[in-house]
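S.K.: What follows is a structure written as C-alpha cells; I'll ask about it next.
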Amino acid sequence: MQFARAAVPNPTVTTIMASRTLRIGLIPGDGIGREVIPAGKRILESLPASLGLKFSFVDLDAGYECFQKTGTALPDKTVETLQKECDGALFGAVRYPDFAVEPYREHFTRLQADPSLYSSPTTKVAGYTSPIVALRKKLSLYANVRPCKTTASPAFKSPTPHPIDLVIVRENTEDLYVKEEKTYPDPSGEGQIAEAIKRISSKASWRIANIAGEIALRRQKMRESSNSKKGMVTITHKSNVLSQTDGLFRSTAREALAQPQFKSIAIEEQIVDSMVYKLFLQPQYYDVIVAPNLYGDLLSDGAAALVGSLGLVPSANVGEGIVIGEPCHGSAPDIEGKGIANPIATIRSVGVMLEFLDLPEAANVVYEAVDKNLGEGKFVSPDLGGKASTEEVLNDILKNL
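Residues in the sequence shown are numbered consecutively from -7, following our numbering.
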C-alpha cells in the first residue's frame, strides 16, 4: 500500500530497533477485538525468517470491559508501557456501554425486523470515555491513515466497477473530537441547548497536510514504473460555511502542501458534501484525501463500503513515536464469540504498522498473502458472502506467507 515515512523511533527502545527485535503491544479491547488481534500476532510470528525480524509482545488492557473491572477504560500502565517499551501496537475494538452481548443480540434482531426501532449507542456511563480517542491524545498520534483498495475476488463482487486505490489521511487529535461539550437550559424555557467545541489549530493542520503530501509522493514514486498517474492530495473542508475553523484548516493545508518538496504532486480541494457525492460516483479519481477529524472519520468508513466490507480496511495511528495499527471495524457484538469475524482488516493493519516502522518489505509480504487469499476466494468470511471462520481465513493467509 506504500506509505510515506517511518515513525520516529521511540527513544527508549532504540537499542531494540537496532537489533531488529520489535516490541509490540497487543490491545484486544472488546468484542471481536479479542478474536482478531491474536490473528495479527500470529502473522508477525510467522513472517519469513529471511526478513531478519524478531518480535516480542506485551498484552495490555483497554476498553469497556476493562472499565467495568477496574474503573478505567485506559489504565495508566497501558499508556506507560506503550510510551516506554513499545515500537508498535495493535488495537482491536471497543464496545459502547449500552448493551451486554446477549441483550444487544436481541436488540439487533428486533432492528432487523423493524428498522424504526433503531437508536444509536449513546448511553452515558459516568467515568467512561473512549480509550482509543484518549490514547491518540496521550501519545500524540496525530494522523489516522486509512487505505482503501479493491482486490479482485471470485468470492464476492466489488460494490463499484472501478478499481479503487486511495488513502484517507485524517487529523486525529482535534476538531469536534476534543469532546468539550455542555448542555444548559434554553433561555426560552423550551427544553435544553447542547453545544460542542470545534477546535482547529494551525499546528495540527500543517502536520496532517504534510504527512498527506509525503504519502502522495511515496505513492507516486511507487507507480512510476507501472503508470503515469500523478500523485494528488485533495483537501476536504466546509470553509464555505465554517469560515474560521475549516477556513484555517484549508489555508494551512494549502500552505503546507505548497512546500517545494511537493511541487510534483497535484493539490486540489473539495467541499465535504461534494466530496461524498464524488467519492461514491468516481472513487477511482482520488489518490490521497486529507481531512479534519470528523470528516475523515465519516469518509473513511463510507469508503470502506466501496471495497466490500469494514472487515477489509486497515488503519494506522501515527505520531512522532509509536505506531498503532487498528482495524476500521468495531466490536461487532452481534457476531462476538461465533468465530466468524474477518481478520483481514487487522492483518492489513499489521502491514500498515510495518510500513510506518520502515519495514516495507515485510509489509509487502503481508499484503501479498492477503491479496492471494482474496484472489483465490476459497476461504472468505461471512461479511463477504463466504462461510469461512476466522481461523480458516487466518490459516489460509499464513500458508500464503
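Every residue, glycine too, gets a C-beta built ideally from N, C-alpha and C.
For Ala248, which residues in the same chain have their Cβ closer than 6 Å to its Cβ, ignoring the five residues on either side in sequence?
M.R.: Result list for Ala248: Trp198, Ala201 and Asn202, in chain order.
S.K.: I'd like to check one pair, Asp22 with Ser323: are the Cβ atoms closer than 8 Å?
M.R.: Yes, these two residues count as a Cβ contact at 8 Å.
S.K.: By alpha-carbon positions, which one of Lys370, Asp388 and Ile389 ends up nearest to Pro146?
M.R.: Nearest C-alpha to Pro146: Lys370.
S.K.: Under the three-state reduction of DSSP, which class applies to Lys255: helix, strand or coil?
M.R.: Coil at Lys255, not helix or strand.
S.K.: Relative to the C-alpha of Leu271, which residue among Ala354, Tyr287 and Ser42 is closest?
M.R.: It is Tyr287 whose Cα lies nearest to the Cα of Leu271.
S.K.: Going by other Cβ atoms of all chains shown within 10 Å of its Cβ, with 16 needed for buried, is Tyr176 buried or exposed?
M.R.: Result: exposed.
S.K.: Determine the extent of the alpha helix (DSSP H) in which Arg242 is found, giving its start and end residues.
M.R.: Taken as a continuous stretch (DSSP letters only), the alpha helix (DSSP H) holding Arg242 covers Thr237 to Leu249.
S.K.: Rounded C-beta distance between Glu383 and Gly331? I'm assuming under 8 Å.
M.R.: With a Cβ gap of about 7 Å, Glu383 and Gly331 count as contacting.
S.K.: List the whole-angstrom C-beta distance separating Ile281 from Lys230, where the pair is believed to meet the contact cut-off of C-beta under 8 Å.
M.R.: Between Lys230 and Ile281 the Cβ distance is about 14 Å, and since that is not below 8 Å, they are no contact.
S.K.: Where does Asn136 sit, in a helix, a strand or coil, going by DSSP?
M.R.: Strand at Asn136.
S.K.: Nearest by alpha-carbon distance to Ala333: which of Pro30, Arg12, Thr13 and Ile19 is it?
M.R.: Cα-wise, what sits closest to Ala333 is Pro30.
S.K.: Tell me whether Ser132, by its Cβ, gets closer than 7 Å to a heavy atom of the ligand SAH.
M.R.: As for the ligand SAH, it is missing from this structure, which has no ligand bound.
S.K.: Indicate whether Val50 and Gly84 have their beta-carbon atoms separated by less than 8 Å.
M.R.: Their beta carbons are not under 8 Å apart, which means Val50 does not touch Gly84 by this criterion.
S.K.: Helix, strand or coil, according to DSSP, for Arg162 in the structure here?
M.R.: Here Arg162 sits in strand by DSSP.
S.K.: Taking Val310 and Leu133 to be in contact with their CB atoms under 8 Å, please state how far apart those CB atoms are, rounded to whole angstroms.
M.R.: The Cβ separation is near 6 Å, so the contact holds.
S.K.: Which residues share a DSSP beta bridge with Lys69?
M.R.: Answer by DSSP bridge pairing: none, since Lys69 is not bridged.
S.K.: One question on the structure: do Pro179 and Val159 come within less than 8 Å of each other, judged by their Cβ atoms?
M.R.: The answer is no: Cβ separation not under 8 Å.
S.K.: Taking the alpha-carbon of Val170 as reference, which of Thr121, Ile314 and Tyr359 has the nearest alpha-carbon?
M.R.: Residue Thr121 is the option with its Cα nearest to Val170.
S.K.: Quick one: what does DSSP say Lys87 is sitting in, helix, strand or coil?
M.R.: Reading off the sequence shown, one finds Arg at residue 87, where the question assumed Lys. Here Arg87 sits in coil by DSSP.
S.K.: Can you have a look at Glu163 and say buried or exposed, based on whether 16 or more other CB atoms are within 10 angstroms of its CB?
M.R.: Its Cβ being crowded by 16 or more others within 10 Å, Glu163 is buried.
S.K.: Rounded to whole angstroms, what is the Cα-Cα separation between Ile336 and Arg242?
M.R.: Going by the C-alpha atoms only, they are around 34 Å apart.
S.K.: Taking the DSSP output, what are the residues bridged to Thr13?
M.R.: According to DSSP, Thr13 bridges with Lys46.
S.K.: With a 10 Å radius around its C-beta and 16 neighbouring C-beta atoms as the bar for buried, classify Ile156 as buried or exposed.
M.R.: It counts as buried.
S.K.: So does the stretch 37 to 47 actually touch the stretch 351 to 361, counting three or more Cβ pairs closer than 8 Å?
M.R.: Contact holds: three or more Cβ-Cβ distances are below 8 Å.
S.K.: Where in the stretch 246 to 319 do unbroken runs of the alpha helix (DSSP H), each at least 4 residues long, occur, reported from the N-terminal end onward?
M.R.: Within the stretch 246 to 319, the complete alpha helix (DSSP H) runs of at least 4 residues are 264 to 273 and 285 to 299.
S.K.: On the premise that Phe148 lies in contact with Gly205, defined as a C-beta separation below 8 Å, what is that separation, rounded to the nearest angstrom?
M.R.: Actually they are not in contact, since the Cβ atoms of Gly205 and Phe148 sit about 34 Å apart, beyond 8 Å.
S.K.: For Glu173, which option in Glu187, Asp293, Ala126 and Glu166 has the closest C-alpha, if you only look at C-alpha atoms?
M.R.: For Glu173, the nearest C-alpha among the options comes from Glu187.
S.K.: Should Phe47 be flagged as near chain B, meaning a C-beta pair shorter than 8 Å?
M.R.: The question asks about chain B, but that chain is absent: this structure has only one protein chain.
S.K.: In the DSSP assignment, find the unbroken alpha helix (DSSP H) run with Lys33 in it and report its ends.
M.R.: Gly25 to Glu37 is the span of the alpha helix (DSSP H), which, as asked, contains Lys33.
S.K.: Using CA atoms only, rank isn't needed, just tell me which of Ile327, Gly317 and Glu328 is closest to Arg340.
M.R.: Checked all of Ile327, Gly317 and Glu328; the closest Cα to Arg340 is Gly317.
S.K.: Within a Cβ cutoff of 6 Å, which residues of the same chain sit near Glu57, ignoring the five residues on either side of it in sequence?
M.R.: Excluding sequence neighbours, Glu57 sits near Asp22.
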